[in-house]
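Colleague: Here the sequence shown is numbered in the numbering used here, starting from 1 and rising by one per residue.
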Amino acid sequence: VSIFSGGTIAKSTARIGTMRAVTAILSLQLLGNALLSDAFAPARPRPGALHRTAPLTLPPSSSLLRMVDGGIADSAAAAWSSYNAALESDPLLVKSVTAGVILGAADFAGQALERKQKESAGVETGDVDLARAARFAFFGLVLQAPWNHFYYLMLDGALPPTEEPWTATTGIKVVIDQFVQAPVFTVLIFLFLGLLEGKTVEAVQTQLEADYKDTMVANWKLWVPATVVNIAFVPPILRVLYLNSVFFFWSIFLSLKLNKDEEVSQ
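Below, the structure is given as structure tokens:
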């Protein structure tokens, strides 16, 4: 019994010693962590001492402006690069979608001008006509951009672009564009948008008789110089984009012109 009791005591003593060793190791580790935390922690203000923080230093305003301008320029350059890549890979689709967006926005601008004019005249204004803007966007998507895409392919195929801007070829192209193509396309604009609006062919013909001549005169005032720039200086791949940009302002005129009779009837 005494031998058994002695073994038990020995084992208990060893177990206690192990526990003490583990406890000591853990205590030393905790103490070390605390010392390291104090060593690398920011200095704490003494009680009662005035706490001061270092002033926040900002770069000069000119530097901030350069940073912002640089970011905007980089984003614009990346967007332009992506647009050109898409234009090269699928030109007709990109031109059509671009035309749809631009012409839809142009009609919104035209409606805003109409509301402004009515408010100045003391006339009650209605809500934005979403269907009307959608018609112009659809016109750009399925007619304006595809028409000009294939038209310029045919024109450049028949009369290839020249390296020099001011040539007889440029002059001939401008004459064909504005005095052959433009009169035909203007009739198509009246017909396409009129039918989309629900007008009959007879109603469209009546509108053409009333507004066609004035529309063509206004067309030549804007589009003859614009076409000279387009054919003489704009790369062929970007010609429809250039047309869409000018067409934004032309579409405002068309929007007001083609919806004039509707406003009078209302």
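Just so it is clear, CB atoms sit at the ideal spot from N, CA and C, and this is done for glycine as well.
Could you check whether L243 and N148 sit closer than 8 Å to each other, using their CB atoms as the reference points?
Modeller: For the purposes of this step, residue 148 is identified with residue 148 of the sequence shown, where counting begins at 1. For the purposes of this step, residue 243 is identified with residue 243 of the sequence shown, where counting begins at 1. Contact annotation: N148 and L243 have beta-carbon atoms nearer than 8 Å.
Colleague: Measure the beta-carbon distance from G110 to I252 and round it to whole angstroms, keeping in mind my assumption that it falls under 8 Å.
Modeller: The count along the sequence shown starts at 1 and reaches residue 110 at position 110. The count along the sequence shown starts at 1 and reaches residue 252 at position 252. With a Cβ gap of about 4 Å, G110 and I252 count as contacting.
Colleague: According to the neighbour-count rule (16 or more other Cβ atoms, all chains shown, within 10 Å of its Cβ), is W250 buried or exposed?
Modeller: Reading the sequence shown from its first residue, position 250 is the one you call residue 250. With 16 or more Cβ atoms within 10 Å of its Cβ, W250 is classed as buried.
Colleague: Tell me which same chain residues have a C-beta within less than 7 Å of the C-beta of W269, skipping the five on either side of it?
Modeller: Nothing in the structure corresponds to residue 269, since the chain is present only between 1 and 266.
Colleague: Classify L103: buried if its beta carbon has 16 or more other beta carbons within 10 angstroms, exposed otherwise.
Modeller: As a first step, residue 103 is located in the sequence shown; it is residue number 103 there, counting from the start. L103 is buried by the Cβ-count criterion.
Colleague: On the three-state DSSP scale, how would you describe W271?
Modeller: A question about residue 271 goes unanswered here, because the residues of the chain that appear run from 1 up to 266.
Colleague: Among the residues of its own chain, which have a CB less than 7 Å from the CB of D211, if the five just before and after it don't count?
Modeller: Here residue 211 is taken as the residue at index 211 of the sequence shown, counted from 1. For D211, where only same-chain residues beyond five positions count, the Cβ hits under 7 Å are K257.
Colleague: Buried or exposed: where does Q117 fall if 16 or more other Cβ atoms within 10 Å of its Cβ makes it buried?
Modeller: Here residue 117 refers to the residue found at position 117 of the sequence shown. Exposed, since its Cβ has fewer than 16 Cβ neighbours within 10 Å.
Colleague: Within the same chain, show all residues whose beta-carbon is closer than 6 Å to that of L241, passing over the 5 residues directly before and after it, in chain order.
Modeller: Here residue 241 refers to the residue found at position 241 when the sequence shown is read from its first residue. Around L241: no qualifying Cβ.
Colleague: Does DSSP put N259 in a helix, in a strand, or in coil?
Modeller: In the sequence shown, counting from the first residue as 1, residue 259 sits at position 259. Reduced to three states, the DSSP call for N259 is coil.
Colleague: When DSSP labels each residue in this structure, what does T167 get in the three-state scheme?
Modeller: If you number the sequence shown from 1, residue 167 lands on position 167. Reduced to three states, the DSSP call for T167 is coil.
Colleague: If contact is defined by three or more beta carbon pairs under 8 Å, each pair taking one atom from either stretch, is the stretch 131-138 in contact with the stretch 75-92?
Modeller: They do not touch, by the three-pair rule.
Colleague: To which residues of the same chain is D129 closer than 7 Å at the C-beta, ignoring the five residues directly before and after it?
Modeller: Numbered from 1 along the sequence shown, position 129 holds the residue referred to as residue 129. Once the five neighbours on either side are set aside, the close Cβ partners of D129 are Q111.
Colleague: Roughly how many whole angstroms lie between the Cα atoms of S186 and S255?
Modeller: Translated into the one-based positions of the sequence shown, residue 186 becomes position 186. Translated into the one-based positions of the sequence shown, residue 255 becomes position 255. In the sequence on display, residue 186 carries Thr and not Ser. Approximately 13 Å, taken between the alpha carbons.
Colleague: Ordered along the chain, which non-local residues of its own chain (more than five positions away) have a Cβ less than 7 Å from that of K233?
Modeller: As a working note, residue 233 is residue 233 in the sequence shown. The question names Lys, but residue 233 is Phe in the sequence shown. Here the set comprises P165.
Colleague: Which two residues bound the contiguous alpha helix (DSSP H) that contains I237?
Modeller: Walking along the sequence shown from the start, residue 237 turns up at place 237. Note, I237: premise wrong, no alpha helix (DSSP H); not H, not E.
Colleague: To the nearest angstrom, how far is the alpha carbon of S96 from that of A145?
Modeller: Your numbering for residue 96 matches position 96 in the sequence shown. Your numbering for residue 145 matches position 145 in the sequence shown. Distance from the CA atom of S96 to the CA atom of A145, rounded to whole angstroms, is 5 Å.
Colleague: Classify L155: buried if its beta carbon has 16 or more other beta carbons within 10 angstroms, exposed otherwise.
Modeller: Translated into the one-based positions of the sequence shown, residue 155 becomes position 155. So L155 ends up on the buried side.
Colleague: Taking all protein chains shown into account, decide if F150 is buried (16 or more other Cβ within 10 angstroms of its Cβ) or exposed.
Modeller: The sequence position of residue 150 within the sequence shown is 150, counting from 1. Exposed, by the Cβ-count rule.
Colleague: From A105 to E114, what does the alpha carbon distance come to, in whole angstroms?
Modeller: Within the sequence shown, the letter at position 105 stands for residue 105. Within the sequence shown, the letter at position 114 stands for residue 114. A105 and E114: Cα-Cα distance of roughly 14 Å.
Colleague: Looking at the structure shown, is K273 part of a helix, part of a strand, or coil, going by DSSP?
Modeller: Since the displayed the chain opens at 1 and closes at 266, residue 273 lies outside it and no answer follows.
Colleague: Which residues in the same chain have their Cβ closer than 7 Å to the Cβ of N230, if we skip the five residues on either side of it in sequence?
Modeller: Here residue 230 is taken as the residue at index 230 of the sequence shown, counted from 1. R239, Y242 and L243.
Colleague: Going by C-alpha distance, which of L143, T98, A133 and I72 is nearest Y83?
Modeller: Taking the sequence shown and counting its residues from 1, the one referred to as residue 83 is at position 83. Y83 has its Cα closest to that of T98, out of L143, T98, A133 and I72.
Colleague: Mapping the DSSP letters down to three states, classify D90 as helix, strand or coil.
Modeller: Within the sequence shown, numbered from 1, the residue matching residue 90 stands at position 90. In this structure, D90 counts as coil in the three-state DSSP scheme.
Colleague: Among the residues of its own chain, which have a CB less than 6 Å from the CB of F248, if the five just before and after it don't count?
Modeller: As a first step, residue 248 must be located in the sequence shown, where it is residue number 248. Cβ within range, chain order: I102 and A106.
Colleague: Is L50 buried or exposed, if buried means 16 or more other CB atoms sit within 10 Å of its CB?
Modeller: Walking along the sequence shown from the start, residue 50 turns up at place 50. Only weak support exists for where L50 lies, its pLDDT of 49 falling under 50; the coordinates are left without a value.
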